[in-house]
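Please read the structure below before turning to the comments.
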Amino acid sequence: MSSPRPPFRVGIIGTGGIAHAHADALNALSPRVEIAGVVDLDRARAEAFADRFGVDRVFADAGDLFANEELDLVHVCTPPQTHASLAIQAMRAGVPSLVEKPTALTLGEVDELEAVHAETGVPVLTVFQHRFGAAARHLGALVDGGELGRPLVATCETLWYRADEYFDVPWRGRWDVEGGGPTMGHGIHQFDLLFAIFGRWSQVSAFAARQLRPTDTEDVSMALVRFENDALATVVNSLVSPHETSRLRFDFEFASVEVRHLYGYTSEDWTFTPAPGHEHLATRWAEGLDSGGISGHRDQIAAILDAFEAGEAPGVGLAEARRTLEFAAATYASAFRGVAIAAGELSGADPFVRSMSGGIVPWAPVKEVLA
1 MSSPRPPFRV GIIGTGGIAH AHADALNALS PRVEIAGVVD LDRARAEAFA
51 DRFGVDRVFA DAGDLFANEE LDLVHVCTPP QTHASLAIQA MRAGVPSLVE
101 KPTALTLGEV DELEAVHAET GVPVLTVFQH RFGAAARHLG ALVDGGELGR
151 PLVATCETLW YRADEYFDVP WRGRWDVEGG GPTMGHGIHQ FDLLFAIFGR
201 WSQVSAFAAR QLRPTDTEDV SMALVRFEND ALATVVNSLV SPHETSRLRF
251 DFEFASVEVR HLYGYTSEDW TFTPAPGHEH LATRWAEGLD SGGISGHRDQ
301 IAAILDAFEA GEAPGVGLAE ARRTLEFAAA TYASAFRGVA IAAGELSGAD
351 PFVRSMSGGI VPWAPVKEVL A
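If you're matching positions, the sequence shown starts at 1 in UniProt numbering and goes up one per residue.
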């Protein structure tokens, strides 16, 4: 009888708000995993974080962490403009990384990540935790098995509210350090799950606007999407919606499946409606649905550890993350150029490969508006 493997050792880079969700998830998975050390430029904040989550070691920078700890995984929980450089540093140290969304600020940065991955073989994973909730996994299995028929129509809405004060944090609402507005930083979780269920998108036609918020980026975007399998979808991302909701509805040939939640769903947040003549599918849905908990970082981290133990590729890897990020870039390109954008069209020296804004944001800079 083989003895159990020692705990997975992980590090956390960045100890701001989102890092608390990571640490809570990791501690919930104890003793399977342990936090070996944390990094933050703000020493006091790092020490307070370490005290709260029972971590023994605090480091001033990522290089010190990699030099002094044997790690199985590092969590990158820093502002978006640092994600790519830290993931590259982790790859060169031989440590897989789990990077908060977005993986990188631009498609060009993702291409750099893919080049280093090809050189080192070390994975870079992105936090897209909604893929890993019990209901989403069950739905994916039904779709993969062809039980629901063809995917036909979907609606993807991330209607949230953020007051002006939310953007007092220096890196929020700026193209150069956050990459974009709700399309990049908020709705990306929802439409990533849309693509995980409906498949590859092939074309997008979009609008984006800055309606209210004091940002350089959009605070609303809307897109019409065609998929390679000829399904159609609408995708709406907003930070100006007082009645907040996150909603995904999938209409298949034999059933409609819908989830309504805000920042994370439970299995009870999903509804299943069979088409006439396919009532047996309601039983199939209910029988295979694990009640589970709220979708969150814990589910994805557990799946990553399972993959490590099985010697399999964990999700969500760079190829899939790039397709999701490419959709964000295509949404901006379509909105600002006023044309439909096909998958794969943004490449090479295209300005939207180098920046999500493409350098052609139609509204005036905030400083001019507020002057």
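Positions of the beta carbon are idealized from the N, C-alpha and C atoms, including for glycine.
Inter-residue Cα distance where the pair is residue i and residue j
i, j, result
"L346", "A330", "7 Å"
"P293", "Q300", "The amino acid at residue 293 is misidentified as Pro; the sequence shows Gly. Their Cα atoms are separated by approximately 13 Å."
"L370", "D111", "Confidence in L370 is poor, its pLDDT being 31 and thus under 50, which makes the residue's placement unreliable; the coordinate value appears in the next sentence. Taking the straight line from one Cα to the other gives about 37 Å."
"S334", "H243", "28 Å"
"M1", "F308", "The predicted model places M1 with a pLDDT of 47, which falls under 50 and marks its position as unreliable, so this point remains unresolved."
"A342", "F207", "15 Å"
"G179", "G199", "25 Å"
"R337", "G277", "45 Å"
"A163", "L281", "43 Å"
"V240", "F167", "13 Å"
"N68", "Q89", "14 Å"
"D24", "T324", "26 Å"
"F191", "T217", "19 Å"
"V361", "A209", "9 Å"
"S295", "F132", "7 Å"
"E368", "P274", "Legend: pLDDT at E368 = 39, less than 50; position of this residue unreliable, value from coordinates given subsequently. The straight-line gap from Cα to Cα measures roughly 53 Å."
"A255", "F227", "19 Å"
"S85", "I13", "12 Å"
"A231", "A310", "34 Å"
"residue 410", "G358", "This structure gives no information on residue 410, because the portion of the chain shown stretches from 1 to 371."
"E320", "E70", "28 Å"
"W201", "V236", "16 Å"
When the options are compared against residue i, the one with the closest alpha-carbon
i, options, result
"G344", "V204, P242, P182", "V204"
"Q129", "H186, T215, P4, D230", "H186"
"N229", "P362, S241, P96, L152", "L152"
"P6", "L305, P314, D216, V339", "L305"
"P214", "W175, L194, F195, E326", "W175"
"G145", "V169, W285, V236", "W285"
"R172", "P274, A46, R57, Q81", "Q81"
"L318", "G63, A87, R260, A19", "A87"
"E258", "G264, K101, T234, T271", "T271"
"V220", "W363, A115, S238, A233", "S238"
"L98", "V124, A84, A104", "V124"
"M222", "I18, T155, W363", "T155"
"T245", "A21, G359, Y265", "Y265"
"G63", "G94, P79, A44", "G94"
"Y161", "E312, E147, A115, L262", "L262"
"E326", "P314, V225, A115", "V225"
Beta-carbon proximity list for residue i, same chain, < 6 Å, skipping 5 on both sides
i, result
"A134", "S267, D290, G292"
"L26", "V33, I35"
"L65", "G11, G37, V39, F59"
"E253", "G149, R150"
"A46", "T15, V38, D40, V58"
Status (buried if at least 16 other CB within 10 Å, exposed otherwise) for residue i
i, result
"L41", "exposed"
"R322", "buried"
"E109", "buried"
"S30", "exposed"
"P4", "exposed"
"V353", "buried"
"P96", "buried"
"D51", "exposed"
"T158", "buried"
"T106", "buried"
"A349", "exposed"
"L212", "exposed"
"V169", "exposed"
"A233", "buried"
"T15", "buried"
Nearest-angstrom beta carbon gap, residue j and residue i [assumed within contact, 8 Å]
i, j, result
"F59", "I35", "The pair is not a contact, with the Cβ atoms about 12 Å apart (cut-off 8 Å)."
"T126", "R92", "That belief does not hold up - the Cβ atoms of T126 and R92 are roughly 19 Å apart, past 8 Å."
"T103", "H117", "About 11 Å; that fails the 8 Å criterion."
"L194", "A136", "In fact, because the Cβ distance is near 11 Å, the residues do not count as touching under 8 Å."
"H75", "H22", "5 Å"
Nonlocal neighbours in the same chain, by C-beta distance under 7 Å from residue i, ignoring five residues either side
i, result
"I197", "L139, G140, V143, F250"
"A328", "G180, T183, M184, I188, M356"
"A28", "R298"
"residue 384", "What is shown of the chain runs 1 to 371, which leaves residue 384 out entirely."
Close Cβ partners of residue i (< 8 Å) along its chain, the five nearest in sequence each way excluded
i, result
"F8", "R32, V33, E34, D72, L73, L305, F308"
"I18", "C77, E100"
"A340", "Q203, V204, S205, S334"
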